[in-house]
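The block underneath contains the structure these notes are about, expressed in structure tokens.
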Amino acid sequence: MSLMKHLIYFLFLHLVIASPQINLYLTDRINENTNDIAQQHDCLYFDLSEDQSSHEIIPYCISESTSKWPIVTASFHALFTFAELSRRNITSEQLHKWSATIDISEHYQIYLDQLSIGSVQSEMGKEIFYNCTSLAFGPQCQYQLELYNSDLTLNEFIRSHYRQYGNVPEPLTCYTHLQCNRGSIPICLDWSEICDGKVDCTDGVDEKDCWPLISNKCKDDEYRCDNGQCIHPRFVNTGDSFECLDRSDQYASLSQNWLSSEYHAPTLKNEDVVCSWRERYMNNFIHPFTSSCRYQRNERIKQAMFFDGLDATISHDCLLAFQCHSKIPIYKYPVCSNFCQNEKCIEILKNTCPDIFYYPTVPIAFGHVYFAYTNEYAMNWKGMGQIPPEYICYNEQLCDGFYSNVTLVSFKGTTCRCPEDFPITAYFNEIDWHSSYIQLVYSQLAHCNQMVHSSSICDSSIMYQCKNSSKCIPNSYVGDGIRDCDYEDDEEQSTID
Numbered sequence: 000m001s002l003m004k005h006l007i008y009f010l011f012l013h014l015v016i017a018s019p020q021i022n023l024y025l026t027d028r029i030n031e032n033t034n035d036i037a038q039q040h041d042c043l044y045f046d047l048s049e050d051q052s053s054h055e056i057i058p059y060c061i062s063e064s065t066s067k068w069p070i071v072t073a074s075f076h077a078l079f080t081f082a083e084l085s086r087r088n089i090t091s092e093q094l095h096k097w098s099a100t101i102d103i104s105e106h107y108q109i110y111l112d113q114l115s116i117g118s119v120q121s122e123m124g125k126e127i128f129y130n131c132t133s134l135a136f137g138p139q140c141q142y143q144l145e146l147y148n149s150d151l152t153l154n155e156f157i158r159s160h161y162r163q164y165g166n167v168p169e170p171l172t173c174y175t176h177l178q179c180n181r182g183s184i185p186i187c188l189d190w191s192e193i194c195d196g197k198v199d200c201t202d203g204v205d206e207k208d209c210w211p212l213i214s215n216k217c218k219d220d221e222y223r224c225d226n227g228q229c230i231h232p233r234f235v236n237t238g239d240s241f242e243c244l245d246r247s248d249q250y251a252s253l254s255q256n257w258l259s260s261e262y263h264a265p266t267l268k269n270e271d272v273v274c275s276w277r278e279r280y281m282n283n284f285i286h287p288f289t290s291s292c293r294y295q296r297n298e299r300i301k302q303a304m305f306f307d308g309l310d311a312t313i314s315h316d317c318l319l320a321f322q323c324h325s326k327i328p329i330y331k332y333p334v335c336s337n338f339c340q341n342e343k344c345i346e347i348l349k350n351t352c353p354d355i356f357y358y359p360t361v362p363i364a365f366g367h368v369y370f371a372y373t374n375e376y377a378m379n380w381k382g383m384g385q386i387p388p389e390y391i392c393y394n395e396q397l398c399d400g401f402y403s404n405v406t407l408v409s410f411k412g413t414t415c416r417c418p419e420d421f422p423i424t425a426y427f428n429e430i431d432w433h434s435s436y437i438q439l440v441y442s443q444l445a446h447c448n449q450m451v452h453s454s455s456i457c458d459s460s461i462m463y464q465c466k467n468s469s470k471c472i473p474n475s476y477v478g479d480g481i482r483d484c485d486y487e488d489d490e491e492q493s494t495i496d
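Using numbering that gives the first Met the number 0, the letters of the sequence shown correspond one by one to residues 0 to 496.
Following this line, the structure appears as structure tokens:
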């Protein structure tokens with residue numbers, strides 16, 4: 000008997016010394032007769048508040064029925080009934096430290112309480128605690144975390160995982176309930192790009208019927224997010240946790256280059272929020288091609304625009320020669336090192352390219368703004384850096400407020416002007432082509448991002464009516480450094496609360 004007692008204590012001591020503490024929640028059996036995926040169970044909780052000013056507790060749960068996975072009990076996991084545990088004077092706190100599930104710990108404490116007053120039911124004493132060996136956990140020791148380091152706590156392990164894999168390229172999420180045609184860009188629509196104030200689909204379906212949201216009014220005792228969402232004022236500027244999907248309740252966090260912030264925690268701050276394409280850092284747009292907070296999406300869209308966009312009127316050789324010769328946007332293309340030797344690219348441009356063409360072949364902004372080049376202009380480029388666009392082309396029906404006494408070029412249904420013919424200031428930097436022209440288009444030609452809205456919406460107190468125009472914009476757009484009105488009067492006004 001003494002030997003058995005010491006053996007049991009040795010088994011429990013092994014748990015304390017060698018095993019991490021991992022406690023599952025919601026392990027009591029769910030209703031197997033329902034298909035409700037909301038019945039999540041066997042949950043791990045990640046507590047973010049231990050080292051940040053956040054109050055988030057994030058669950059990792061299983062939603063599938065446990066009957067799908069037959070569990071074979073391993074012989075090396077010791078089993079103890081509640082009656083055996085109580086005879087060894089084991090407490091519920093000890094079970095909790097030994098990675099018992101929360102339900103088992105609570106059941107055992109109820110058993111001890113009833114035992115102390117002599118009213119325990121005999122069936123409770125037969126309930127089983129599985130004494131899992133190192134790294135195994137769960138009601139029947141059926142789980143184990145892959146690559147888990149037993150020296151780490153669960154929270155430390157989760158953070159370590161996100162540090163290692165947080166920025167690893169991953170498949171992009173797709174919103175499948177809207178059929179979005181991005182032209183020749185093979186990138187699906189993300190949920191964050193719906194009603195973000197910028198047309199991404201060629202037919203504008205992603206911005207259809209969005210103005211009732213942006214013009215939504217909140218109650219007097221509510222805080223209105225810039226996107227029209229209403230929240231309780233107590234959640235405003237409380238730390239890094241966002242209640243507004245557009246993160247406008249935490250302005251202190253928006254003053255930083257938020258996209259480059261840490262990805263080593265699975266926070267709502269990093270995942271279930273929108274990073275508007277309008278956001279800028281040090282006067283530069285952080286990610287103008289998307290409102291997703293995933294940096295990879297902006298880069299994938301840019302990659303698709305410049306390298307995957309197709310145009311039946313332009314040959315692949317022409318586009319490749321232009322990319323290599325003009326050095327945009329990534330001229331250190333592996334194939335370019337030999338492709339343009341001995342002015343081979345000039346010869347290909349001359350023989351294969353049309354007299355004028357768009358590059359990229361898809362709109363650079365707002366669904367209709369393009370950069371265009373004549374073949375002659377491209378062949379004559381001798382600069383060491385990236386070639387600036389010769390023309391900026393747009394749908395004349397969607398833009399206004401430009402100089403009229405200049406020479407215009409019509410191409411594929413768009414009106415094209417030289418950059419210097421716009422009422423904008425261009426400081427072209429050959430080294431940073433993106434900042435020089437893409438940034439310029441998004442900041443100073445944002446009024447070409449035309450939206451359809453009614454007079455009843457424009458009459459709202461939370462909307463600003465542009466001068467000499469039927470267009471109106473949210474008050475939050477006024478004075479933000481982005482020209483939304485045709486005649487730039489929104490940037491001549493002070494910020495409107």
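Using N, Cα and C, we set each Cβ at its ideal position, and we do this for glycine too.
C-beta atoms of residue i and residue j nearer than 8 Å
| i | j | result |
| --- | --- | --- |
| Y222 | P211 | no |
| K498 | F365 | A query on residue 498 cannot be resolved here, the shown segment of the chain reaching from 0 to 496 and no further. |
| N226 | D199 | no |
| H367 | L397 | yes |
| Q39 | S62 | yes |
| L153 | I21 | yes |
| L47 | I127 | no |
| W276 | D219 | no |
| G480 | R279 | yes |
| D27 | D102 | yes |
| S240 | C224 | no |
Nearest to residue i (by Cα), restricted to the options the options
| i | options | result |
| --- | --- | --- |
| Q322 | R293, N341, T360, R299 | T360 |
| V477 | K470, E491, S469 | E491 |
| H95 | C131, S121, K125 | C131 |
| N448 | L407, Y463, N394, K466 | N394 |
| C274 | F284, I285, S290 | S290 |
| E92 | A77, L111, A82 | L111 |
| P353 | L144, D310, M304, S442 | D310 |
| Y142 | S442, L23, G480, D307 | L23 |
| G384 | S435, K343, C417, L43 | S435 |
| P418 | A371, C344, F338 | A371 |
| S98 | N180, G117, F305, A135 | A135 |
Beta-bridge partners of residue i, as assigned by DSSP
| i | result |
| --- | --- |
| N130 | A77 |
| A371 | Y357, Y390 |
| P19 | DSSP lists no partner for P19. |
| P58 | Y44 |
| S409 | T414 |
Straight-line Cα distance separating residue j from residue i
| i | j | result |
| --- | --- | --- |
| G137 | L84 | 18 Å |
| P388 | C243 | 38 Å |
| D489 | T312 | 40 Å |
| D458 | D316 | 53 Å |
| T80 | S115 | 17 Å |
| Q178 | S336 | 40 Å |
| G182 | D202 | 10 Å |
| K207 | H176 | 14 Å |
| Q108 | T90 | 8 Å |
| R482 | A320 | 35 Å |
| I456 | F356 | 39 Å |
| C484 | A377 | 33 Å |
| C140 | I70 | 9 Å |
| C292 | D271 | 9 Å |
| E155 | T373 | 57 Å |
| H324 | E375 | 13 Å |
| L444 | S214 | 23 Å |
| P19 | K125 | 27 Å |
| H160 | N379 | 51 Å |
| W190 | P287 | 16 Å |
| T414 | I363 | 15 Å |
| T237 | I230 | 13 Å |
| E298 | Y129 | 48 Å |
| K4 | V235 | Bear in mind that the predicted position of K4 carries a pLDDT of just 39, short of 50, making it unreliable; the figure below should be weighed with that in mind. Rounded to the nearest angstrom, the two C-alpha atoms are 57 Å apart. |
| V119 | D150 | 39 Å |
| Y402 | N467 | 16 Å |
| Y285 | I437 | One point to set straight first is that residue 285 is Ile, not Tyr, in the sequence displayed. Cα to Cα, I285 sits roughly 11 Å from I437. |
| V334 | D307 | 16 Å |
| Y358 | L348 | 13 Å |
Cβ separation of residue i and residue j, assumed to be a contact under 8 Å, to the nearest whole Å
| i | j | result |
| --- | --- | --- |
| F45 | I157 | 5 Å |
| I386 | K326 | 7 Å |
| G400 | H446 | 7 Å |
| L188 | C173 | 7 Å |
| I193 | D205 | 5 Å |
| I461 | K216 | 7 Å |
Min CB distance residue i to chain B below 8 Å
| i | result |
| --- | --- |
| E105 | Included in the structure is just one protein chain, with no chain B present. |
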